[in-house]
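Taking it in order: structure first as structure tokens, then the write-up.
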């Protein structure tokens with residue numbers, strides 16, 4: 001892939017996360033020499049895009065790197081001949097997310113951005129837009145890699161893989177964060193560890209930990225029970241029960257709390273909402289408003305520390321690591337979202353999974369599992385994956401039956417009468433964003 | 001298998017269901033000429049066994065059939081050289097069942113005899129006893145077929161298949177009942193219909209209905225929505241939503257109500273319990289007391305009509321049909337519980353499934369599916385099956401970790417903190433029946 | 001399917017086998033009341049069709065059955081609204097078969113009608129014509145069952161299943177013959193036996209034999225070694241080695257001799273050819289000429305005994321049994337060729353297999369295997385099936401690369417240089433029948 | 001695994017290949033700091049071991065590396081506490097190999113050391129000895145990695161994986177040679193290429209070639225046809241047909257010639273044998289005699305150039321690369337033999353395969369395939385793998401039936417009568433080495 005030009009397009013370039021990404025591109029410029037960076041956004045995001053664009057330009061200027069920056073409201077211009085297209089869109093913006101969180105709560109369900117009924121609504125809105133972007137990539141940059149951060153990242157990756165020809169990889173900052181936490185727990189460089197993470201996006205398990213070549217999984221499970229696991233900013237930090245973790249035989253991810261501690265998580269969520277009238281989306285809005293105020297300051301020419309509060313730690317790290325490993329054919333191991341193809345034999349071949357991959361210039365190659373997954377992991381993985389398959393059918397075809405089954409099947413809903421009521425609210429309140437259901 | 005002697009052993013012969021079975025053996029005696037019938041029970045059931053034995057003898061006398069009846073408290077005597085061993089035991093009797101229903105209720109969970117936390121407790125108690133019976137069969141009647149009605153029948157079948165060499169088939173009256181209801185709906189003889197039922201015990205779906213060779217599944221789904229489905233006596237008769245049923249694309253079984261209408265089912269259950277202080281087990285105790293009063297009457301020499309209230313309609317039909325088809329190498333199709341062996345490809349090979357089988361003299365042969373199962377069926381099936389696999393491990397090995405994971409994974413529990421609390425109660429209140437956990 | 005009209009179309013109605021079929025239709029008319037029988041053939045077969053038509057009419061007249069007979073050169077007329085379409089065509093007629101047998105011989109290879117390079121050539125010629133018939137059925141009789149006897153029957157069934165929407169079943173008289181021989185060996189009615197046959201067409205194994213419900217496979221394997229197995233008229237009757245048969249652990253089919261006794265079979269074939277200048281096709285031509293002379297005799301009004309020499313014993317039995325079981329939704333077990341769908345897990349889902357099926361009104365339902373196939377069966381099955389998949393690709397797409405790989409992979413060829421030379425001859429000598437390769 | 005001591009045991013240390021290995025250990029000593037090197041051999045190899053030991057000591061002395069060398073006739077001493085156990089034994093020595101080559105020739109079959117009837121005989125002799133070594137490793141060095149070069153390396157790896165607990169990796173110099181040849185073809189450093197090799201030992205295909213991140217497989221296939229592929233010293237250098245290679249869609253390995261060009265290979269072999277009375281084993285004996293003469297020269301203190309003629313090019317490269325990547329947890333990609341575990345879905349999970357793996361300190365992790373294998377590769381792979389499974393059963397259990405089926409199934413035999421005759425000769429002529437068949 002080595003060439004004189006290296007063009008990156010960022011769809012949803014006006015996102016508050018963009019400075020993270022720009023910072024990473026600058027930091028790794030020597031090994032990943034981006035020459036053109038296009039930030040594209042939609043009309044409604046024009047003002048944000050302007051602010052982000054100006055900050056990004058100041059950051060580039062300060063760095064002295066030879067990166068030419070463009071901002072545009074024409075995503076096709078951004079995509080044309082790009083080598084990488086990063087997608088980080090939010091269809092309906094934070095207002096839609098706020099609804100995604102509140103509708104479930106009004107039905108006594110967990111209201112979460114990426115999982116359960118909230119994540120389902122987000123998927124319905126997002127998939128058609130993402131597939132539209134894919135059409136543009138197929139036409140204008142057929143050799144580009146699409147790097148998708150848009151949530152629900154696993155579902156999006158699967159929809160792209162099933163309904164387009166674009167080469168895409170789904171990315172989440174959770175695995176890289178987990179690996180860093182484990183290295184910290186052992187007080188060693190991450191390079192000395194080999195950590196097996198397996199599952200699907202936002203529902204993965206750490207099944208093996210190897211330190212300097214010695215399998216320390218048993219020891220790790222013991223330490224874990226006593227130490228706990230910190231969560232991303234957006235997930236309440238409930239502590240795992242040591243005995244329970246031991247019985248899983250693997251470290252759940254932060255999002256597992258919504259499943260394994262359903263009741264308490266719902267309780268915390270409801271309490272906060274009743275006390276403040278706000279959900280996480282509303283808080284994020286405030287954080288974002290502050291961030292954009294900061295971003296406007298002409299003297300700012302680096303990523304501000306406050307960005308961490310936003311929940312996107314390691315985000316640029318994950319993104320730039322992936323792109324530079326593809327670019328340089330590095331062959332290192334990263335945990336990303338790819339088409340299954342037998343890597344997890346208890347799931348269909350054509351679904352997306354999150355798994356350790358060797359990153360080569362032609363993309364990620366999944367590493368096979370050493371042992372079959374135990375029933376406690378297999379069962380949960382399979383039922384949530386079935387939910388995801390149904391959600392994709394619903395989103396692509398505007399199919400009510402698939403939508404109703406998806407919600408009924410999801411462990412955070414699980415009752416057809418509630419599913420029906422929630423679905424009615426979701427379809428009504430998102431009508432503007434769901435043309436596929438208006439037929 | 002044709003031979004002059006045909007010996008049947010009934011383990012749990014003192015059950016109130018036994019007259020059903022005796023009636024069936026009499027009715028079909030011409031084609032299934034039982035010569036010896038052993039009813040075996042344990043010490044605590046001696047009195048019931050005596051009553052049942054006397055009634056059975058009066059029934060046989062009245063029929064004029066040449067069946068020699070024995071009652072015994074020594075199950076090995078009953079098993080020795082038997083051709084069929086029917087198992088219909090209830091470890092801990094109705095008092096244990098009553099606890100199985102009340103413990104979950106006290107944790108705001110559905111308390112049901114065969115599924116959820118209640119069915120789980122029953123499995124823990126029952127599996128070791130059933131495997132003990134298997135040891136006896138392996139020694140004393142290695143060629144016998146074990147016909148198991150003991151619930152949870154699917155889990156028991158799987159435990160037997162994984163941990164013994166006994167040829168066993170699991171049987172439930174639900175499929176035969178479903179088929180009869182559908183034939184009634186169409187107002188035709190059942191022989192004119194071919195009905196595909198697939199899944200696992202108490203969680204099967206009717207996926208195809210063929211009348212006189214025409215696939216009428218679509219039509220059937222439409223009628224269903226408008227007509228509803230009646231339940232066995234033990235399951236509240238909540239009506240299915242037509243739109244929901246249509247979205248499943250198949251007819252759920254009666255037990256699916258505990259999943260798909262979890263909230264309402266729980267509500268009904270709780271209301272009844274709060275109003276009466278009783279659960280289903282308590283009602284059954286009363287029904288049984290009445291039944292045994294009836295059974296004692298010396299002038300009674302047939303199965304009394306009141307037995308239907310007990311919930312076991314078609315029970316003798318299913319049992320005798322199966323045994324006589326094996327005996328006669330009939331090759332007809334019946335829906336029974338067998339080892340999967342690839343018949344449902346999305347489940348492991350070594351688990352039990354409930355599926356249409358051709359019954360030959362060497363046992364049931366599963367019929368392959370015409371189409372892969374859709375995600376809405378697949379996902380629920382897989383997660384409940386994983387629960388069952390874990391439950392068997394817990395029951396056989398007395399393994400706490402598997403037990404905790406089984407309950408956490410079950411859709412009717414689904415929260416580790418609740419699972420842990422329920423499990424503590426189950427282990428404590430069943431301590432007398434769970435030697436495997438006392439190590 | 002019960003209806004007042006029952007129309008059968010026979011494509012290739014001028015075949016010398018047709019009197020077999022007509023005889024069967026008459027014999028079973030009470031339970032399979034055909035009202036219209038269409039015999040269709042092509043221009044070149046007009047004379048034969050006339051002779052067969054007249055004989056068939058005399059047979060029907062003699063029987064007194066109410067079957068209206070039509071002969072036609074317009075296959076679409078025959079197909080329109082048919083309930084069953086039987087296909088028994090021979091593209092290129094016996095002259096082509098003669099070439100199929102001689103080309104391989106000239107390369108020191110076995111020259112056989114349905115397997116090896118000969119069967120390959122036949123498949124290339126036949127698949128496009130069969131798919132043309134399928135187009136007509138899709139248009140004119142979309143609910144009809146196609147019953148295919150045309151060889152290579154397994155490959156044809158798979159091609160139809162992959163490249164058309166027609167409901168089709170592939171049929172061969174080998175399994176029914178095997179079952180009859182085994183029943184004879186035991187001196188019992190066939191109904192007392194259950195015989196498991198599994199594999200692909202002309203490469204199946206009898207893996208289990210059950211008599212009166214007792215598994216007598218071991219005993220059967222012993223008897224077999226000592227007794228031998230008779231072959232259809234068209235296959236030299238070489239004797240199996242008892243020790244070898246025992247090591248297979250199953251009874252091979254007659255065609256297995258071409259694989260397991262390759263050298264001797266080739267030797268016999270070559271010797272006969274060198275001595276007489278003839279191959280089997282040439283003999284069949286003579287037999288057919290005699291048969292048609294017989295058929296012409298106005299006093300003949302039944303199937304003549306000489307037909308047996310032709311190699312089609314049990315042919316009408318197999319055909320009419322299948323159609324009448326579909327018609328009557330019988331649910332009996334027959335061995336037919338169907339899409340795999342997981343029934344043989346070591347083969348792809350979308351290939352054809354030959355296996356025991358329960359015949360219902362919606363077609364055959366494969367019976368699952370009780371045990372996985374051992375490596376000695378699995379390996380041969382897989383390699384020949386791969387050959388078949390490649391052959392279908394070659395035939396449908398006119399793809400030279402697939403053709404060359406198919407022949408190279410086949411155990412009766414197995415050398416790319418020989419494959420290339422044979423392929424060149426096949427393509428040249430069949431050029432008139434292979435428009436797909438002329439592009 | 002980092003530790004002050006690093007002990008390597010070489011079983012079969014008296015092999016003429018050992019100087020290769022010693023040279024590699026010296027060359028990479030900085031990153032793979034062996035402290036103790038044990039060369040073990042059997043009584044009959046004592047003289048050779050002495051010569052090799054003295055040469056190895058001179059090489060180490062000349063290098064100045066701190067490696068302590070031991071020679072021993074007690075393999076348990078060598079194995080005790082070893083970190084790596086390399087196995088390179090030859091049961092029956094070159095005389096047995098000579099017989100392995102001549103017996104098949106006498107039946108008009110290809111006589112080859114590692115495949116066909118010759119490789120089969122070698123497997124029968126070798127597996128019991130290797131499993132004995134495994135018993136010692138299990139007892140004396142349970143954490144050691146066994147690196148097996150002993151042929152047939154794939155079969156040996158599978159036997160070890162099925163019948164012992166030893167962590168083992170099978171290694172062959174063919175893949176590394178293929179990669180080097182391809183890099184040469186493109187005139188680039190090997191690090192710029194990613195080459196997908198998949199299959200089983202001595203029957204692998206190069207299915208994808210990536211240069212600087214661009215998939216150049218198409219281009220590669222074209223070049224190949226025109227350029228040809230050179231073979232290891234031991235395989236005649238017959239040229240591939242360009243059209244044929246194109247139709248495979250992948251580059252076969254050198255050993256494929258025995259399959260794809262069976263006739264010509266046999267012809268060459270026979271001609272050479274008839275002209276000289278010798279097979280490859282006899283030539284090797286001469287080469288070895290010369291080599292050992294060279295090795296004895298006291299002034300020799302490096303690997304002599306003549307060793308290349310022996311056929312083991314890249315051997316030390318492959319071996320030391322693998323051990324040092326495990327030792328250093330390198331995570332680079334190497335093509336080795338491992339248990340399948342779903343990596344090649346069309347083969348059983350428990351068989352050995354040869355595939356690209358990421359080498360970590362806990363061993364190799366197979367990389368998933370990007371596309372399913374096409375039928376032409378799948379079919380050949382499956383049939384040869386089935387042969388291997390049967391061979392292992394035969395070797396471990398001394399089972400005649402499996403042995404006969406293995407040979408009958410092998411594409412280089414393929415006829416039961418020939419198989420039986422060859423098997424009789426093999427069992428007779430190897431009787432001293434096959435105690436498992438003497439029961």
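Chains as they are written, first to last, in UniProt numbering: chain A, 1 to 439; chain B, 1 to 439; chain C, 1 to 439; chain D, 1 to 439.
Where is the CB? At the ideal position from N, CA and C, for every residue including glycine.
Bear in mind that the values here come from a model prediction, so they are computed numbers and not experimental data.
One alpha carbon belongs to residue 325 of chain A, the other to residue 332 of chain A, and they sit about 7 Å apart. Annotated three-state conformation of residue 302 of chain A is coil, per DSSP.
Runs of the alpha helix (DSSP H) spanning 4 or more residues and lying entirely within the region 268-355 of chain A occur at 280-296, 315-328, in chain order. Listed in chain order, the alpha helix (DSSP H) elements of length 4 or more contained wholly in the region 163-216 of chain B are 174-186.
Within chain B, 401 have C-beta atoms less than 8 Å from the C-beta of residue 246 of chain A, given in sequence order.
Taken through DSSP and simplified to helix, strand or coil, residue 255 of chain C comes out as helix. Taking the CA atoms as reference points, residue 127 of chain C sits about 22 Å from residue 255 of chain C. Out of B:157, B:23, B:378, the CA that lies nearest to the CA of residue 248 of chain B is found in B:378. With contacts defined by Cβ atoms closer than 9 Å, residue 422 of chain C and residue 104 of chain C form a contacting pair.
At a cut-off of 9 Å between beta-carbon atoms, residue 360 of chain D makes contact with chain A. Boundaries of the beta strand (DSSP E) around residue 148 of chain C: 145-148.
Listed by position along chain C, the residues whose Cβ is nearer than 8 Å to that of residue 409 of chain D are 375, 376, 379, 380.
Chain-order list of chain C residues neighbouring residue 390 of chain D: 375, 376, by C-beta distance under 7 Å.
The Cβ atoms of residue 101 of chain B and residue 111 of chain B sit closer than 9 Å to each other. Within chain B, not a single residue places a beta-carbon under 8 Å from that of residue 255 of chain A; the smallest gap is close to 14 Å. Here the alpha carbon of residue 270 of chain D sits roughly 46 Å from the alpha carbon of residue 327 of chain D.
Residue contact with chain D for residue 417 of chain A: absent (no Cβ-Cβ distance below 9 Å to any residue of chain D).
Per DSSP, the continuous beta strand (DSSP E) segment holding residue 84 of chain A begins and ends at 84-87. In this structure residue 171 of chain C touches residue 147 of chain C by the C-beta definition: roughly 6 Å separates them, less than 8 Å.
Contacts between residue 341 of chain C and chain B, judged by CB atoms closer than 8 Å, involve 368, 369, 370 in chain order. Taking every protein chain shown into account, the CB of residue 77 of chain A has fewer than 16 other CB atoms within 10 angstroms, so this residue is exposed. Rounded to whole angstroms, the gap between the alpha carbons of residue 295 of chain D and residue 214 of chain A is 40 Å. Bounds of any alpha helix (DSSP H) do not take in residue 110 of chain D, whose DSSP letter is neither H nor E. Counting along the chain, residue 387 of chain C sits inside the alpha helix (DSSP H) bounded by residues 375-397.
Nearest CB-CB separation between residue 386 of chain B and chain A: below the 9 Å threshold.
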